[in-house]
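See below for the structure under consideration.
Residue numbers (my numbering): -12 to 115.
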């Protein structure tokens, strides 16, 4: 099922972290728009499950994050409105795990940090 929040807003509601449609847990694609920013989420039994995407007003991808049973799980990438990569991170069961990289809008690496089960274990700032 593909649903658009702007058309059937009253049939959807969030309760205790779950998305419901007509009083049942929602499964499918949910699209919403807020001030020109579009968000597209995949849901399974009321929880985010699959890829979640957010788009800038200009249509460029702002963020793409993988979810499993409501938790970030896998790659999460953010972009600047110009299309340059802003951050690249990995999550396991909702916690940062692995390398988190950050770039400035011109594509220069600003920092690289390593996480294990959500805790920072190493960091390196970029040198200019």
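Positions of the beta carbon are idealized from the N, C-alpha and C atoms, including for glycine.
Residue i burial status per 10 Å Cβ neighbour count (16 or more: buried)
i, result
"residue 1", "exposed"
"residue 87", "buried"
"residue 60", "buried"
"residue 32", "exposed"
"residue 104", "exposed"
"residue 83", "buried"
"residue 107", "exposed"
"residue 142", "Limits of the chain in this structure are -12 at one end and 115 at the other, which puts residue 142 out of reach."
Where residue i falls: helix, strand or coil (DSSP)
i, result
"residue 91", "coil"
Beta-ladder partner(s) of residue i, from DSSP
i, result
"residue 15", "30"
"residue 20", "25"
When the options are compared against residue i, the one with the closest alpha-carbon
i, options, result
"residue 99", "93, 3, 111", "111"
"residue 102", "93, 26, 94, 79", "79"
"residue 38", "26, 45, 46", "26"
"residue 128", "20, 36, 50", "Residue numbering for the chain in the displayed model covers -12 to 115; residue 128 lies beyond these limits and cannot be assessed."
"residue 13", "19, 20, -1, 70", "-1"
"residue 70", "93, 7, 57", "93"
"residue 72", "97, 9, 21", "97"
"residue 66", "89, 6, 23, 18", "89"
List in chain order: all unbroken beta strand (DSSP E) runs of 3+ residues lying wholly within the stretch 23 to 69.
-> 24 to 31, 37 to 42, 48 to 55, 58 to 66
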